[in-house]
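Okay, so the sequence shown: first residue is 242 according to the working numbering, each after it adds one.
To start, the structure under review is shown below, and the notes come after it.
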Amino acid sequence: MPKRNNDLPPDIKKIAIQAGRRKNGVPKGLTHCRVCGDWKGRCFWNNPLDWHKGPTPITCRCDANLCHKCGEPIYEYRLGSNIYDEASQQVLHVAGMVGMMHACGKPRIALPYQIEADWDKKYAPVLAGFPVELVYVGVRPRKDRSRKPIIVRARYVFHPGSFLEASKSKRMHYRSRLASDFYVEVIFYKVPERWETLKFRGAELIAVASAASFEEAMTNSVAIALHPDEPAS
Ligand SMILES: [Zn+2]
Ligand SMILES: [Zn+2]
């Protein structure tokens with residue numbers, strides 16, 4: 242005789258309900274934090290073999306530890322906590338070690354990935370090597386009564402329609418998904434090889450960074466962090 246759903250042991254039934262995901266893949270136990278917009282709440286680990294441990298708490302950026310010297314968040318999230326990464330649909334653990342990356346007053350660098358040659362048949366052969374996105378990280382007061390500092394980012398994503406190739410250079414615009422009059426232009430000079438990034442606010446050029454190596458040029462570029470008026474979330 243086939244078993245009906247009601248015959249499942251109660252703990253398995255509870256897990257089956259709590260392990261459910263919404264249509265967009267986000268676990269049902271999570272909701273958006275009204276202050277920072279991250280997912281928070283409780284959900285199960287990715288691996289079903291860990292489900293017997295019960296749901297794990299998921300923290301948001303509001304829970305980040307603050308540095309006792311400079312008062313800013315040590316890392317984007319609370320050290321040792323678990324967070325939900327929407328892009329990969331995974332629960333991730335924030336290793337306590339990442340706290341060692343914090344140095345008071347130093348810029349928070351997130352180095353970009355480069356567009357890979359096999360990403361797209363049509364675009365990749367010409368765009369390969371350009372950054373996928375440029376992320377400028379800053380610290381701003383939270384949008385609640387506490388006004389505690391929180392880490393925010395302005396992300397500029399490559400815009401293939403703006404790509405231009407000349408005999409001596411290639412260039413492309415990077416745009417924000419937020420309503421913003423800020424944008425970035427990345428230029429690659431062929432001989433000698435050199436990368437340059439130009440950050441604009443409308444027609445006004447507000448920052449230039451340049452170096453022969455990709456890594457150095459991008460590090461210099463994102464090290465300028467956020468302009469006070471730059472939209473970030
Ligand atoms: Zn939050
Ligand atoms: Zn500090």
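Ideal Cβ positions, reconstructed from N, Cα and C, are used throughout, including at glycine.
If contacts are defined as beta-carbon pairs under 8 Å, then residue i and residue j qualify, I think. What distance do you get, rounded to the angstrom?
i, j, result
"residue 183", "residue 375", "Coverage of the chain is limited to positions 242 through 474, which leaves residue 183 absent and any answer about it impossible."
"residue 391", "residue 303", "6 Å"
"residue 280", "residue 325", "4 Å"
"residue 307", "residue 313", "7 Å"
"residue 383", "residue 276", "6 Å"
"residue 356", "residue 369", "5 Å"
"residue 437", "residue 421", "Not quite, the Cβ-Cβ distance comes to about 21 Å (not below 8 Å), so this is no contact."
"residue 339", "residue 316", "5 Å"
"residue 269", "residue 278", "Not quite, the Cβ-Cβ distance comes to about 18 Å (not below 8 Å), so this is no contact."
"residue 300", "residue 329", "About 17 Å separates the two Cβ atoms, so there is no contact after all."
"residue 353", "residue 373", "6 Å"
"residue 423", "residue 440", "7 Å"
"residue 474", "residue 419", "6 Å"
Any chance the CB of residue i is under 6 Å from a heavy atom of ligand 1?
i, result
"residue 284", "no"
"residue 345", "no"
"residue 276", "yes"
Is residue i close to ligand 2? I mean its beta-carbon at under 6 Å from any heavy atom of the ligand.
i, result
"residue 310", "yes"
Grab the span of the beta strand (DSSP E) containing residue i for me, first residue to last.
i, result
"residue 398", "390 to 406"
"residue 421", "No beta strand (DSSP E) contains residue 421, which DSSP labels as neither H nor E."
"residue 451", "445 to 452"
"residue 300", "Taken as a continuous stretch (DSSP letters only), residue 300 belongs to no beta strand (DSSP E), as it is neither H nor E."
"residue 463", "It is not in any beta strand (DSSP E) - residue 463 instead sits in the alpha helix (DSSP H) that spans 455 to 463."
"residue 280", "280 to 284"
"residue 334", "331 to 334"
"residue 442", "435 to 442"
Can you tell me where the alpha helix (DSSP H) with residue i in it begins and where it stops?
i, result
"residue 323", "No alpha helix (DSSP H) holds residue 323; the beta strand (DSSP E) holding it covers 323 to 326."
"residue 368", "365 to 368"
"residue 380", "Taken as a continuous stretch (DSSP letters only), residue 380 belongs to no alpha helix (DSSP H), being part of the beta strand (DSSP E) at 374 to 382."
Name, in chain order, the residues that DSSP records as bridge partners for residue i.
i, result
"residue 413", "427"
"residue 262", "268"
"residue 314", "307"
"residue 273", "280"
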